[in-house]
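Reviewing the structure listed below.
There are 2 protein chains.
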Amino acid sequence: MTSKNSHFPNACPLPATSGDTIQLAHGGGGRAMARLINSIIRPAFDDTELDRQHDGATLILDGPLAFTTDSYVVQPFVFPGGDIGTLAINGTVNDLAMCGAHPLYLSVGLILEEGLSIELLQRIVGSMRAAATAAGVRLVTGDTKVVDRGKADGMFINTSGIGRLVSPTPIGPASIAPGDVVILSGDIGRHGMAVMAAREGFGFETVIESDCAPVADAVLALFEAGVEVHCLRDLTRGGLASALVEIAETARLAISIDEAAVPVADHVLAACELLGLDPFHVANEGRFIAIVPADQVEQARDILTQYSSSSGAVVIGRVYAGNGGEVTCRGILGVERAIDMLSGEQLPRIC
Amino acid sequence: MTSKNSHFPNACPLPATSGDTIQLAHGGGGRAMARLINSIIRPAFDDTELDRQHDGATLILDGPLAFTTDSYVVQPFVFPGGDIGTLAINGTVNDLAMCGAHPLYLSVGLILEEGLSIELLQRIVGSMRAAATAAGVRLVTGDTKVVDRGKADGMFINTSGIGRLVSPTPIGPASIAPGDVVILSGDIGRHGMAVMAAREGFGFETVIESDCAPVADAVLALFEAGVEVHCLRDLTRGGLASALVEIAETARLAISIDEAAVPVADHVLAACELLGLDPFHVANEGRFIAIVPADQVEQARDILTQYSSSSGAVVIGRVYAGNGGEVTCRGILGVERAIDMLSGEQLPRIC
């Protein structure tokens with residue numbers, strides 16, 4: 001649409017002192033919007049494609065691509081280990097990685113509420129920029145809308161992403177087979193509990209930090225090494241449990257996991273117990289499962305443990321024949337229990 | 001992220017009777033979300049890529065691409081000539097066309113407010129599907145978030161799009177030159193006034209219908225015919241005035257237009273006069289300007305007039321040397337006035 005990413009040679013910089021807030025005029029396609037974009041958003045994202053000032057970006061790409069989108073509505077905006085900006089970059093980068101793709105280009109759609117602090121906006125776009133640099137992706141096109149006070153919750157962010165497919169075979173539930181092994185990239189439950197604690201103001205003895213991180217490097221290393229990855233899934237909304245059940249149901253196979261093998265940090269487990277939450281259902285933002293053939297599991301795990309975001313990768317279970325999508329978990333006393341998704345979500349607005 | 005576009009063989013259809021509303025659980029990544037997606041969203045969008053149930057879509061594309069994003073926050077959702085769903089498809093399709101690209105694939109990010117009518121949601125996703133079919137694009141990946149009551153305004157939609165670049169030369173303000181001619185694709189001001197009238201409940205004598213329409217066919221025909229298009233811009237937020245000023249400022253050239261040549265329908269002009277609005281600043285959703293070399297203007301106009309969305313295409317002005325980005329308009333009495341953008345927007349939340 002007209003007016004986005006636009007550069008006006010005579011636009012004066014918008015002062016961003018602590019009292020400045022977003023006004024409806026900042027979304028109107030006129031001078032005020034140009035100043036906002038030129039003083040806050042474009043300098044933060046700083047990409048030659050954004051500087052071209054057109055209705056979209058022009059990219060050169062060959063061959064098969066992955067394309068994904070996500071909106072981010074987390075509250076609070078800032079939590080230990082990240083903020084909505086970090087999340088908006090890493091979440092979409094990770095979705096591309098889960099498709100077996102090398103993340104390359106992201107778009108950014110901002111919906112801002114009238115009255116939002118411009119200092120906060122600057123912080124968040126700064127986080128987006130830092131996360132994009134860390135993940136090696138470019139923010140190449142964007143859009144900013146403003147809605148009247150009371151009609152949003154400060155800010156919502158959409159990021160869509162394009163990546164170059166590197167997996168030589170299709171990645172997804174349809175590719176898994178009985179005998180395949182499930183690798184989990186690290187301990188679970190930290191993102192959900194970090195956001196929960198920040199939202200509710202719980203003062204746990206040890207601060208829980210979100211696991212929010214880009215995982216593409218680790219995943220791409222599997223492909224580079226020739227590991228025949230069958231399925232990848234990040235453990236966001238619905239946590240480990242939803243991911244396993246979705247995959248098993250779609251594949252019409254069964255998955256059994258070993259409860260003792262699933263790592264949960266002590267302070268996260270304590271917080272979950274205190275609040276009556278099951279860490280299997282708590283959202284993560286830097287954890288994923290990789291399902292690989294049994295004869296390649298050692299190689300895959302060894303590769304993943306070389307990357308900081310998956311240094312704690314462990315084997316947690318196996319795929320079996322079965323047509324009902326059953327997921328079971330064998331407890332430390334040997335008792336098997338069924339794992340299912342919840343109806344909704346224990347913790348809304350976690351991402 | 002986990003849980004989007006997911007298909008569960010055992011999910012029961014969600015009944016959508018008039019009293020049903022969106023609940024927080026519909027965004028939680030569990031069973032309720034699966035039912036919403038499987039009963040309302042996936043059937044409406046109906047694409048094999050969505051059925052693959054993974055974190056993103058896999059696309060085969062070669063060569064240079066255009067990539068764009070837009071969020072839609074229009075109020076009211078439904079207005080004469082379209083709704084937020086039609087707008088969300090056509091707006092992004094048109095942005096791709098303005099890049100000189102053939103629109104191919106769209107993503108859809110929905111942010112729904114708890115309490116939204118599911119019947120309304122069904123209507124809107126139905127409109128999106130119809131508009132996508134009409135524009136020849138596929139909706140290949142999506143995401144749904146739900147926020148608590150009072151934290152959004154019913155629904156916001158983001159669409160991002162990928163198209164294949166067909167323009168052999170760069171399209172944009174940097175490509176225009178003195179002597180180029182400005183073609184406008186049809187009468188202006190209808191979208192903004194249609195939304196305004198619907199929002200405020202004005203009962204104008206003649207109902208004003210939005211011009212919301214996909215314009216890619218008409219634009220692509222210019223390239224097919226070998227017209228050397230220098231710049232394209234759709235006249236959305238900020239209207240014709242903002243588009244001209246942005247282009248002139250970016251190009252550091254001057255543009256002069258002939259007021260009498262700019263078509264405005266009588267009932268739109270009457271409504272603008274009644275409300276004290278300048279049609280040059282009112283948003284359109286199916287109108288664009290094309291800036292072409294003077295020796296190709298007849299050919300370009302003849303092509304555009306063959307398409308319904310640009311059947312009223314007319315020459316309205318010309319590019320001149322000048323480094324201040326001046327845009328002037330010569331009135332019917334021969335008096336020149338300067339055209340500038342407004343500070344904000346006369347009509348907020350028009351798209």
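Chains as they are written, first to last, in the UniProt record's numbering: chain A, 1 to 351; chain B, 1 to 351.
For every residue, glycine included, the Cβ atom is placed at its ideal position computed from N, Cα and C.
What you are looking at is a predicted structure, and each value in this text was computed from that prediction instead of being measured.
For the stretch 20-48 of chain B, enumerate the residues whose C-beta is nearer than 9 Å to any C-beta of chain A, in chain order.
-> Q23, L24, A25, H26, G27, G28, G29, G30, R31, A32, M33, A34
Straight-line Cα distance separating L139 (chain A) from D47 (chain A) | 7 Å
With a Cβ-Cβ cutoff of 8 Å, do G192 (chain B) and L50 (chain B) count as a contact?
-> no
Please say whether I303 (chain A) and L222 (chain A) have beta carbons closer to each other than 8 Å?
-> yes
For the beta strand (DSSP E) containing E113 (chain A), list its first residue and its last residue.
-> 101-113
Drop a sphere of 10 angstroms on the beta-carbon of V215 (chain B), count the other beta-carbons inside from all chains shown, and report buried for 16 or more, exposed for fewer.
-> buried
CB contact below 8 Å: residue 362 (chain A) versus chain B = Nothing in the structure corresponds to residue 362 (chain A), since chain A is present only between 1 and 351.
Say whether chain B places a C-beta atom closer than 8 Å to the C-beta of A300 (chain A).
-> no
Identify the continuous alpha helix (DSSP H) that holds M193 (chain B) and give its terminal residues.
-> 190-200
Is DSSP giving C351 (chain B) helix, strand or coil here?
-> coil
List the whole-angstrom C-beta distance separating V182 (chain B) from I291 (chain B), where the pair is believed to meet the contact cut-off of C-beta under 8 Å.
-> 5 Å
Return the bridge partner residues of C231 (chain B) from the DSSP annotation.
-> B:I291
Exposure label - V335 (chain B); buried when at least 16 CB within 10 Å | exposed
Taking only runs that begin and end inside the stretch 238-284 of chain B, name each unbroken beta strand (DSSP E) of 3 or more residues, in chain order.
-> 254-258
Decide if N90 (chain A) is buried, meaning its Cβ has at least 16 other Cβ atoms within 10 Å, or exposed.
-> buried
So which residues on chain A does R349 (chain B) lean against when the C-beta distance must stay under 7 Å?
-> V147
Closer than 8 Å to chain B by CB, M155 (chain A) = no
Starting from the N-terminal side, write out each stretch of the alpha helix (DSSP H) that is 4 residues or longer and does not extend beyond the stretch 32-71 of chain A.
-> 42-45, 48-51
For chain A, find out if any of its Cβ atoms is closer than 8 Å to the Cβ of M193 (chain B); answer yes or no.
-> no
Enumerate in chain order the residues of its own chain whose CB-to-CB distance from A321 (chain B) is below 8 Å, with the five nearest sequence positions on each side excluded.
-> P178, L253, A254
Counterpart residues of T144 (chain A) in DSSP-defined beta bridges | A:L110
Report, in whole angstroms, the separation of the C-beta atoms of residue 368 (chain B) and C99 (chain B), which I expect to be a contact under 8 Å.
-> The structure shown has nothing for residue 368 (chain B), since chain B only spans 1 to 351.
Compare the beta carbon distance of T163 (chain A) and P103 (chain A) with 8 Å and say whether it is the shorter of the two.
-> Inspection of the sequence shows that residue 163 (chain A) is occupied by Gly rather than by Thr. The answer is yes: Cβ separation under 8 Å.
Could you tell me the distance, in whole angstroms, from the CA atom of F288 (chain A) to the CA atom of D278 (chain B)?
-> 54 Å
Count the other CB atoms within 10 Å of the CB of S256 (chain A); is the residue buried (16 or more) or exposed (fewer)?
-> buried
Report yes or no: do three or more beta-carbon pairs, one from the stretch 260-273 of chain B and one from the stretch 114-130 of chain B, lie closer than 8 Å?
-> no
For the alpha helix (DSSP H) that contains F223 (chain B), what are its first and last residues?
-> 216-224
Could you tell me which of A:D217, A:L24, A:G325, A:A131 sits nearest to I176 (chain A), measuring between CA atoms?
-> A:G325
Rounded to whole angstroms, how far is the Cβ of G239 (chain A) from the Cβ of H267 (chain A), which I believe are closer than 8 Å?
-> Wrong, their Cβ atoms sit about 17 Å apart, outside the cutoff.
Is it right to say G19 (chain B) is buried, meaning 16 or more other beta carbons lie within 10 angstroms of its own, or is it exposed?
-> exposed
Measure the C-alpha to C-alpha separation of I350 (chain B) and L274 (chain B) and round it to an integer number of angstroms.
-> 19 Å
Thinking just about the alpha-carbon of each residue, which of A:E298, A:L120, A:S311 is nearest to the one in D187 (chain A)?
-> A:S311
Reducing DSSP to helix, strand and coil, say where A338 (chain B) ends up.
-> strand
Coil, strand or helix - V319 (chain B) by DSSP | strand
Cβ-Cβ separation, S160 (chain A) to T68 (chain A) (assumed contact under 8 Å), whole Å | 7 Å
Is DSSP giving P15 (chain B) helix, strand or coil here?
-> Bear in mind that the predicted position of P15 (chain B) carries a pLDDT of just 46, short of 50, making it too unreliable to give a figure here.
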